[in-house]
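Residue numbers (UniProt numbering): 1 to 210.
Below is one structure; the comments refer to it alone.
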């Protein structure tokens, strides 16, 4: 668990500092506000102007994986919804069992995320959230889920996220494509001024008798 893990040192600590610095507080608040809007759950989305408070609140709100699975059930079709009656979502008094179930929820969220159409590059490892090693990637996954959800033809609500890039194929005729073969691009170089006339390099070699 995160509270029992030894603090990082050396290059690992430096790398973690850079990862933590990449977290955008505005994006973190937006993720929580979007989740609260869709799920109807009441939780803190703005812990204050200080970045460390925003990061700490973002982690504590999402760490058990419950809200992630709940917002997932709002946006995905019925065949991908999580079963909240499963043992994974049942509370337990055993701390070890509870930690295992929380990690299972996060893993389930990521698996359903891919099945919904989100790129694996936009998913995150369980420890990114549970052990707080890369909250920036967690926010990116939530944004990717929202973007995928709002890109569906059935979506009619208010947009929270940037539009998903769409393919824009171009079809050129053979005549247009072959026209480029008659042009010498300047990136290939130029033969203008290709002369060494008048150029000297250093002193002439003098061969003298001893």
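By construction, the Cβ of each residue, glycine as well, lies at the ideal position given by its N, Cα and C atoms.
Just so it is clear, the structure is predicted and the values come from calculations on it, not from any experiment.
Own chain residues within Cβ distance below 8 Å of residue 97, not counting five before or after: none
Taking all protein chains shown into account, do 16 or more other C-beta atoms lie within 10 angstroms of the C-beta of residue 144, making it buried, or fewer, making it exposed? buried
Hey, which unbroken runs of the alpha helix (DSSP H) at 4 residues or more fall wholly within the UniProt domain "Calponin-homology (CH)" (25 to 150)? 25 to 39, 51 to 62, 66 to 75, 95 to 116, 126 to 130, 135 to 150
Specify the secondary structure class of residue 17 as computed by DSSP and reduced to three states. helix
Chain-order list of residues whose beta-carbon lies under 8 Å from that of residue 47 (same chain, five-residue window excluded): 53, 54, 56, 57
Assign residue 170 to buried or exposed, taking buried as 16 or more other Cβ atoms, counted over all protein chains shown, within 10 Å of its Cβ. exposed
Is residue 117 closer than 8 Å to residue 148 when the C-beta atoms are compared? yes
Output yes or no for whether 8 Å exceeds the beta carbon distance between residue 105 and residue 43. no
Helix, strand or coil at residue 163 [DSSP, three-state]: coil
Assuming residue 25 contacts residue 51 under a Cβ cut-off of 8 Å, what Cβ separation, rounded to an integer in Å, is found between them? 5 Å
Let's test the definition: count the other Cβ atoms within 10 Å of the Cβ of residue 11 and tell me whether it reaches 16, buried, or not, exposed. exposed
Three or more C-beta pairs below 8 Å linking the segment 120 to 140 and the segment 70 to 82: no
Beta-carbon gap between residue 59 and residue 132 smaller than 8 Å: yes
Looking only at C-alpha atoms, which of 156, 141, 63, 183 sits nearest to residue 100? 63
Could you round the C-beta distance between residue 74 and residue 38 to whole angstroms and report it? I think they count as a contact, below 8 Å. 5 Å
Three-state class that DSSP yields for residue 157 in the structure shown: coil
Between which two residues does the alpha helix (DSSP H) holding residue 179 run? 174 to 179
Supposed close pair residue 70, residue 27 - CB separation, criterion 8 Å: Between residue 27 and residue 70 the Cβ distance is about 20 Å, and since that is not below 8 Å, they are no contact.
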